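Structure first, commentary second.
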Amino acid sequence: MKLARFTSGSRAHERLGVVLDDGSSTRLLDVSAVPGHDAPRTMMEAIHAGPAGLDALRQAQERAERGADPAWFHGEDDVTWLTPVPPRSCIAAGRNFGAHRLESIRGNPEAGAGFQIDFPTGFIKLGRNLVGHRAQVERPDDVEQMDYEAEVAVIVGRDLLNATRGQAKQAIFGYTIMNDLSAREWQFAEMRNLLVMMGKNFPGFGPLGPCILTADEVPDPTALRLWLKVNGELRQQSDCTDLIFQFDELVAFWSRVGLEAGDIISSGTPDGVAVHRKPDPRPYFLKPGDIVHAGVDQIGVLETRII
1 MKLARFTSGS
11 RAHERLGVVL
21 DDGSSTRLLD
31 VSAVPGHDAP
41 RTMMEAIHAG
51 PAGLDALRQA
61 QERAERGADP
71 AWFHGEDDVT
81 WLTPVPPRSC
91 IAAGRNFGAH
101 RLESIRGNPE
111 AGAGFQIDFP
121 TGFIKLGRNL
131 VGHRAQVERP
141 DDVEQMDYEA
151 EVAVIVGRDL
161 LNATRGQAKQ
171 AIFGYTIMND
181 LSAREWQFAE
191 MRNLLVMMGK
201 NFPGFGPLGP
211 CILTADEVPD
221 PTALRLWLKV
231 NGELRQQSDC
241 TDLIFQFDEL
251 VAFWSRVGLE
261 AGDIISSGTP
271 DGVAVHRKPD
281 PRPYFLKPGD
291 IVHAGVDQIG
301 VLETRII
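Per the UniProt record's numbering, numbering through the sequence shown is continuous, rising by one, with the last residue being 307.
Okay, structure coming up:
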């Protein structure tokens with residue numbers, strides 16, 4: 001099941017939608033509009049309800065398909081897509097795809113010896129800087145090296161502390177898409193002080209969405225295939241077999257600091273980022289007017305416009 005948060009028309013409050021794709025068009029079923037069910041009405045309610053909540057949402061979907069009232073459905077172009085979860089803690093993995101780790105070492109040989117893989121590493125994306133599908137993101141005036149990073153992100157389904165891998169796997173609610181936008185000149189300056197914060201956290205630098213594919217429909221997360229295009233040009237493509245640390249390992253590791261339901265943990269990105277393009281990365285950095293599509297075949301496509 002694919003679930004999304006959205007608003008429509010003059011109604012500003014969040015609505016929970018079941019995303020329906022028949023191959024030619026995408027619609028959202030407004031769960032709150034379907035009568036005669038006790039399904040969750042918000043994403044966080046769905047996450048907290050667990051399997052029982054998903055069963056209720058399936059029943060609401062079946063009821064809607066039988067009733068087929070057009071007022072219950074919205075076209076994908078007729079809604080404002082929200083981030084799949086409200087602002088939450090977001091931990092983004094660093095150098096977690098093997099090929100990206102290698103391109104990072106080639107791009108910075110002096111630091112390569114310090115690129116350890118004994119345990120996951122990462123950084124914080126501020127929840128308030130996450131934006132939804134089709135958001136417009138402004139490139140800051142003092143940033144010339146604005147980069148893209150397609151990633152798969154896990155949505156944590158329940159509170160966790162010091163979880164095992166088995167417990168972590170069971171606690172994954174679903175998967176979505178992130179574009180970890182980065183200001184490389186800021187990031188690399190910070191990294192000389194062994195820190196990363198500003199370069200990953202300008203307003204809007206965390207596109208997320210468009211929806212969550214629930215974990216029951218992802219029996220093998222290593223099969224998730226991701227890609228990224230800028231203005232239609234393919235820049236990144238890989239699948240999650242190249243992950244150094246798999247999703248359950250990431251969730252278990254970061255549960256040491258405590259995780260809450262709805263928290264986000266992203267995978268890291270494959271190779272192909274702009275900053276490591278040879279011989280000159282400058283034409284590949286994002287600029288105003290660019291349209292970025294980050295996709296995971298099994299989930300959908302996240303669109304971001306740079307202004």
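In this text, a Cβ means the ideal position worked out from N, Cα and C, and glycines have one as well.
Bear in mind that the values here come from a model prediction, so they are computed numbers and not experimental data.
For residue 169, which residues in the same chain have their Cβ closer than 6 Å to its Cβ, ignoring the five residues on either side in sequence?
248.
By Cβ distance, which residues of its chain are closer than 6 Å to residue 307, with the 5 residues on each side in sequence left out?
Excluding sequence neighbours, residue 307 sits near 136, 138 and 288.
To the nearest whole angstrom, what separates the beta carbons of residue 264 and residue 251, a pair I think is in contact under 8 Å?
Rounded, the Cβ-Cβ distance is 11 Å, inconsistent with contact.
Could you check whether residue 72 and residue 210 sit closer than 7 Å to each other, using their CB atoms as the reference points?
It is not a contact, given that the beta carbons lie outside the stated cut-off.
Is the beta carbon of residue 274 less than 7 Å from the beta carbon of residue 147?
Taking 7 Å as the Cβ cut-off, residue 274 and residue 147 qualify as a contacting pair.
Using only CA atoms, which one of 133, 200 and 119 lies nearest to residue 301?
Considering only alpha carbons, the answer is 133.
Measure the C-alpha to C-alpha separation of residue 63 and residue 55 and round it to an integer number of angstroms.
C-alpha separation (whole angstroms): 12 Å.
Which residue comes first and which comes last in the beta strand (DSSP E) that contains residue 210?
Note, residue 210: beta strand (DSSP E), 206-214.
Short of 6 Å in beta carbon distance, which residues of its chain neighbour residue 140, apart from the five on each side in sequence? Order them along the chain.
Within the same chain, residue 140 has close Cβ partners 202.
Given 8 Å as the limit, is there contact between the region 161-176 and the region 211-222, that is, 3 or more CB pairs closer than that?
Yes, the region 161-176 touches the region 211-222.
Three Cβ pairs or more, each shorter than 8 Å: is that satisfied between the region 229-240 and the region 21-36?
No: the two stretches stay apart, fewer than three of their Cβ pairs being nearer than 8 Å.
Taking buried to mean at least 16 other C-beta atoms within 10 Å of its own C-beta, is residue 161 buried or exposed?
Exposed, because fewer than 16 other Cβ atoms sit within 10 Å of the Cβ of residue 161.
Excluding five sequence neighbours on each side, which residues of the same chain lie with their C-beta closer than 6 Å to the C-beta of residue 284?
Excluding sequence neighbours, residue 284 sits near 274 and 277.
Mind checking residue 192: buried by the 16 CB within 10 Å criterion, or exposed?
That one is exposed.
On the DSSP bridge list, what partners appear for residue 81?
Per DSSP, 6.
Based on Cα-Cα distance, which residue from 184, 127 and 12 lies nearest to residue 286?
The shortest Cα separation from residue 286 among 184, 127 and 12 belongs to 184.
With 16 as the cutoff for other CB atoms within 10 Å, does residue 304 come out buried or exposed?
It is buried - the Cβ of residue 304 has at least 16 other Cβ atoms within 10 Å.
Go through its chain and collect everything with a Cβ distance to residue 6's Cβ below 8 Å, but skip five positions before and after it.
Excluding residues within five positions, the ones whose Cβ falls inside 8 Å are 14, 15, 17, 28, 74, 79, 80, 81 and 82.
Using CA coordinates, which residue listed in 37, 190, 290 and 166 is at the minimum distance from residue 246?
Selected option, being the one with the closest Cα: 166.
Going by C-alpha to C-alpha distance, which of 295, 65, 149 and 145 sits closest to residue 316?
As shown, the chain starts at 1 and ends at 307. That puts residue 316 outside it, with no answer to give.
Just to confirm, is the Cβ distance from residue 204 to residue 125 under 7 Å?
Contact: no.
For residue 9 and residue 84, I'd like the C-alpha separation in whole angstroms.
Distance between the alpha carbons of residue 9 and residue 84 is about 19 Å.
Any idea what DSSP makes of residue 269, helix, strand or coil?
Looking at residue 269 - three-state DSSP - the assignment turns out to be coil, as it is neither helix nor strand.
Restricting to Cα atoms, I'd like to know which of 254, 297, 87 and 130 is closest to residue 120.
Comparing Cα-Cα distances from residue 120 to each of 254, 297, 87 and 130, the minimum goes to 254.
Measuring CA to CA, which of 238, 228 and 256 is closest to residue 290?
Closest option to residue 290, Cα to Cα, is 228.
Could I get the ranges of all uninterrupted alpha helix (DSSP H) runs contained in the region 137-224, with 4 residues as the minimum, in chain order?
As far as the region 137-224 is concerned, its whole alpha helix (DSSP H) runs of at least 4 residues are 165-170 and 184-191.
What separation, rounded to the nearest whole angstrom, lies between the Cα atoms of residue 86 and residue 103?
Rounded to whole angstroms, residue 86 to residue 103 spans 34 Å at the Cα level.
Would you identify the three-state DSSP class for residue 54, choosing helix, strand or coil?
Correct three-state label for residue 54: helix.
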